[in-house]
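Those letters in the sequence shown? Residues 0 to 260, by numbering that gives the first Met the number 0.
Backbone N, C-alpha and C define an ideal beta-carbon position, used for all residues, glycine too.
As the structure is a computational prediction, the values presented were derived from the model and not from experiment.
Below is one structure, written out as structure tokens, with a few remarks after it.
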Amino acid sequence: MANRRTVIAGNWKMFKTVNEAEDYAVRFLEEVKDVTELDIILCAPFTALYPLKNELEESVVHLGAQNMSWADQGAYTGEISAQMLLDVACTYVILGHSERRELFGETDEEINKKVQKALAAGLTPILCVGENLNVREEGKAVERVRAQVTHALSGLSTEDLSRMVIAYEPIWAIGTGKTASSQDAQDMCAAIRANLTELMGPTAEKVSILYGGSVKAENIAELLTEPDVDGALVGGASLDPLSFAKLIHNAGSVVTRMEGR
Ligand code: PGA
């Protein structure tokens, strides 16, 4: 965490009905309504976005989706466009999550098209990258993540990059309870930033790079003290409003301390 805005994003994945989402929003907002030292994002399933738009209006919590199409509109059964997300007040969209890559076969090429579309529409992409256990054990984690980043950014300008968030999520740490050590998280976030610098120059210093994978209220503070870890993408620990709020307050304390306030 350096001179960059800290971002804590919750990824609900395929959890929560409309009623559950509304109930969550009320309880969560009560806890975090005064948090201004970092950016809070809730990435909800498509069906919960519209009700959340109403609940979160004019609050400190930003709304995000978990995927979107690279197409504008048309005969794409089952897809959701950037315009539809804007329509329900989304400002962020997760793209290239490892579950999309591994379970639904999303390729680097498709992810690049989605990133371009999101930026053109004025949405902030949260681009996810990360290696699986085999790749890590073969010592090829940095190489894999660099390839994912390089593909995803193909054709983008430095101005585009300045409007993105990147999340490093090692697949072996997602939903497993096995967090990467804060040193592992730092090493890869620094490697990503070095890659961004090679590709785009000093704009790399402005990009918030998050860590994701079994982040909890108990380990967020240690992760955030690393210089290149600018926040977290949180799955399981974002599902309960009170414990996610606790995680956010723990993160906020680190931000306040490091800013010397
Ligand atoms: P987790 O998920 O926090 O449950 O490990 C993170 C993610 O997949 O974004």
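When the Cα atoms are used, what is the spatial distance from residue i to residue j?
i    : j    : result
M199 : A244 : 35 Å
L126 : G259 : 30 Å
L118 : P124 : 7 Å
P169 : N18  : 32 Å
Y167 : W69  : 22 Å
E261 : E197 : Given that the chain is displayed from residue 0 to residue 260, the structure contains no residue 261 and the question cannot be resolved.
S237 : W11  : 7 Å
A43  : R256 : 30 Å
G174 : L155 : 32 Å
T178 : S97  : 16 Å
K15  : A193 : 38 Å
H61  : D38  : 8 Å
E57  : A120 : 21 Å
G251 : G230 : 10 Å
R26  : D239 : 10 Å
K52  : A24  : 10 Å
V214 : L94  : 19 Å
V261 : I40  : Nothing about residue 261 can be read from this structure; the chain reaches only from 0 to 260.
E137 : P201 : 31 Å
E158 : K205 : 11 Å
Q72  : K113 : 13 Å
R135 : L28  : 39 Å
A47  : T76  : 19 Å
D186 : A140 : 11 Å
M83  : V92  : 12 Å
Y49  : Q115 : 24 Å
E101 : V254 : 34 Å
F103 : I79  : 15 Å
L55  : N2   : 27 Å
Is the distance from the Cβ of residue i to the Cβ of residue j below 8 Å?
i    : j    : result
R4   : S161 : no
F45  : A74  : no
N66  : R99  : yes
V31  : I219 : no
Y210 : L195 : no
A184 : E225 : yes
C188 : V228 : yes
L232 : A8   : yes
V6   : T35  : no
A151 : L122 : no
V164 : I191 : no
N249 : A216 : yes
A172 : G212 : yes
N111 : S180 : no
From the DSSP output, which residues share a beta bridge with residue i?
i    : result
Y91  : G63, T123
I7   : I39, A231
V128 : Y167
I'd like to know whether the C-beta of residue i is nearer than 8 Å to at least one C-beta of chain D.
i  : result
I7 : Protein chain content of the structure displayed is limited to a single chain, and chain D is not contained in it.
_Unbroken stretches of the beta strand (DSSP E), 3 residues or longer, contained in the segment 199-241_ = DSSP runs (the beta strand (DSSP E)) wholly in the segment 199-241: 207-211, 230-233.
*At 3 residues or longer, and completely inside the segment 141-185: list those beta strand (DSSP E) runs for me, N to C.*
Correct list: 164-167.
*Segment contact flag, the segment 102-110 with the segment 74-90, C-beta cutoff 8 Å, min 3 pairs*: Because the criterion of three Cβ pairs below 8 Å is not met, the segment 102-110 and the segment 74-90 do not touch.
*Output the residues surrounding the ligand HEM, defined as those with a CB atom closer than 6 Å to any ligand heavy atom, in chain order.*
As for the ligand HEM, it is missing from this structure, which binds only the ligand PGA.
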